[in-house]
Amino acid sequence: MFQDKKVVFSGVQPSGSLTLGNYLGAIKNFSAFSDEYRCYYCVVDMHAITVRQNPAELRRRTYDTLALYMACGLDPERNVLFVQSHVPAHAELAWILDCYTMFGELSRMTQFKDKSAKNADNINAGLFTYPSLMAADILLYQTELVPVGVDQKQHLELSRDIANRFNGVYGDVFVVPEPYIPTTSAKIMSLAEPSKKMSKSDPNENAVIRILDDRDTIVRKFKRAVTDSGCEVRRGEGKEGIENLMSIYGAVTGKSFDEIEREFDGRGYGDFKLAVGEAVADSLEGVRREFARLSADKKYLEEIMAKGASEAARAAARTLGKVKKKVGFTDIRY
Ligand code: TRP
85 MFQDKKVVFS GVQPSGSLTL GNYLGAIKNF SAFSDEYRCY YCVVDMHAIT VRQNPAELRR
145 RTYDTLALYM ACGLDPERNV LFVQSHVPAH AELAWILDCY TMFGELSRMT QFKDKSAKNA
205 DNINAGLFTY PSLMAADILL YQTELVPVGV DQKQHLELSR DIANRFNGVY GDVFVVPEPY
265 IPTTSAKIMS LAEPSKKMSK SDPNENAVIR ILDDRDTIVR KFKRAVTDSG CEVRRGEGKE
325 GIENLMSIYG AVTGKSFDEI EREFDGRGYG DFKLAVGEAV ADSLEGVRRE FARLSADKKY
385 LEEIMAKGAS EAARAAARTL GKVKKKVGFT DIRY
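Just so you know, we're using my numbering here: the sequence shown kicks off at 85 and counts up by one.
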């Protein structure tokens, strides 16, 4: 029934807890695709081990990430929700694509350079070939559209290059994917340094709102958000902090910048920060409640994982079979 639909694929790492930026910029919008597209949303645990992980923690976060996807509105009946390591075709295609990915290309990836600098004692081969595993994730499903943050754009361009290179040699095997980088509220900045993106791995907890932060924590973090020495709620030179709060407020209430300026005309930063904190806490309340319910039900999450893995594996096998034939592997029954 889905066969004629175009495909959306996205992945999220089960590391660090997701932020308001991940929610507003990405996950919240994922559910809208499923009317028009066949959607695959994958918890990429294989990518996660490119940096050292505590095994028990990785396992827990894998369940939690799936529960969070669902709490954010992704219905497992309308989307394929699955865990990367459950579908071995990802590892198999990644190896093949490694042989069609150039050392020079991988060396130019800015995420590799950043992560190597951060993990100087563990610059492993997986960290280096991370992008060809990501290309395998995407290309296995004949994906048309990949919703990602702007930081993943370079990896997506490499996926396209790999697909084109492979197609150039063997004919049209892969659909060449397009990135989908939402422009509205795509970029939520740090509350402590508003010139930097809000990052789930920021060591300063006050800089980051987590989707699962409780109400008091959210309100407190917004109270402490760095602004400027002025007092007017409006955009302008040197007012990046206020502007960030305005776009967050706009994203959760649907109000425009002009409406927000009018609403807070003559009122100070204190009032405004409290309003932003409360609005964000309100909008995440349902997610948090649903997460608590789902994450307590491990058996149900495992049923979803199993269903997702079997659906994903079926689609992946089609592409992988074709690829193996093209490159000249033999095919036997045993
Ligand atoms: N690299 C992505 C990130 O860190 C996660 C990811 C892995 C991904 N495979 C993917 C995203 C495929 C989109 C499509 O955010």
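All C-beta atoms, glycine included, are put in the ideal place defined by N, C-alpha and C.
Since this is a predicted model, take the numbers as computed values, not measurements.
Closest Cα partner of residue i within the set the options
| i | options | result |
| --- | --- | --- |
| Ser283 | Gly392, Asp300, Thr103 | Thr103 |
| Val92 | Arg145, Leu224, Pro98 | Leu224 |
| Leu165 | Ala276, Met154, Lys383, Pro215 | Met154 |
| Leu240 | Ser274, Lys199, Thr194, Lys280 | Thr194 |
| Phe341 | Gly350, Val317, Glu362 | Val317 |
| Ala175 | Phe413, Ala397, Arg417, Thr414 | Ala397 |
| Lys410 | Leu177, Lys90, Arg136, Pro160 | Leu177 |
| Trp179 | Asn206, Ala219, Thr146 | Ala219 |
| Asp88 | Gly255, Leu242, Glu228, Gly354 | Glu228 |
| Gly412 | Asp119, Val253, Asn113, Phe196 | Val253 |
| Val135 | Ser118, Cys183, Phe212, Ala110 | Phe212 |
| Glu386 | Tyr147, Asp415, Asp129 | Tyr147 |
| Arg319 | Glu343, Thr414, Lys112 | Glu343 |
| Pro287 | Glu374, Gly405, Asp256, Ser274 | Ser274 |
Three-state class that DSSP yields for residue i in the structure shown
| i | result |
| --- | --- |
| Glu327 | helix |
| Lys284 | coil |
| Phe86 | The pLDDT assigned to Phe86 is 47, lower than 50, so where the model puts this residue is not dependable; a value taken from the coordinates is nonetheless given after this. Residue state, collapsed to three classes: coil. |
| Phe166 | strand |
| Val77 | Nothing in the structure corresponds to residue 77, since the chain is present only between 85 and 418. |
| Asp415 | coil |
| Lys199 | helix |
| Arg192 | coil |
| Ser33 | Residue 33 lies beyond the stretch modelled for the chain, which goes from 85 to 418, so this question has no answer here. |
| Pro160 | coil |
| Met273 | strand |
| Glu262 | strand |
| Tyr121 | strand |
| Thr146 | helix |
| Leu229 | strand |
| Thr103 | strand |
| Arg294 | strand |
| Gln236 | helix |
| Val336 | helix |
| Lys406 | helix |
| Ser115 | helix |
| Ser279 | coil |
| Ala401 | helix |
| Pro215 | helix |
| Val310 | coil |
| Gly354 | helix |
Residue i and residue j closer than 8 Å at C-beta
| i | j | result |
| --- | --- | --- |
| Ser101 | Arg294 | yes |
| Asn328 | Lys305 | no |
| Ile332 | Val371 | no |
| Ala173 | Ala390 | no |
| Lys307 | Gly314 | no |
| Gly246 | Leu181 | Sequence check: residue 246 is Ile here, not Gly. Yes, the Cβ-Cβ distance between Ile246 and Leu181 is below 8 Å. |
| Tyr276 | Val230 | Inspection of the sequence shows that residue 276 is occupied by Ala rather than by Tyr. Cβ atoms of Ala276 and Val230: not closer than 8 Å. |
| Ser394 | Ala151 | no |
| Ala132 | Ser99 | yes |
| Asn163 | Cys126 | no |
| Tyr107 | Cys156 | yes |
| Ile326 | Asp349 | no |
| Ile265 | Ala365 | no |
| Phe250 | Gln226 | no |
| Ala376 | Thr337 | no |
| Phe196 | Tyr214 | yes |
| Arg244 | Val260 | yes |
| Val292 | Asp221 | no |
Residue i burial status per 10 Å Cβ neighbour count (16 or more: buried)
| i | result |
| --- | --- |
| Glu262 | exposed |
| Gly95 | buried |
| Val407 | buried |
| Val171 | buried |
| Asp198 | exposed |
| Ser285 | exposed |
| Ser216 | buried |
| Asp159 | exposed |
| Tyr418 | exposed |
| Lys357 | buried |
| Arg145 | buried |
| Ser388 | Note that residue 388 is Ile in the sequence shown here, rather than Ser. That one is buried. |
| Lys112 | buried |
CB contact below 8 Å: residue i versus chain B
| i | result |
| --- | --- |
| Asn203 | In the structure shown, chain B does not exist; there is a single protein chain. |
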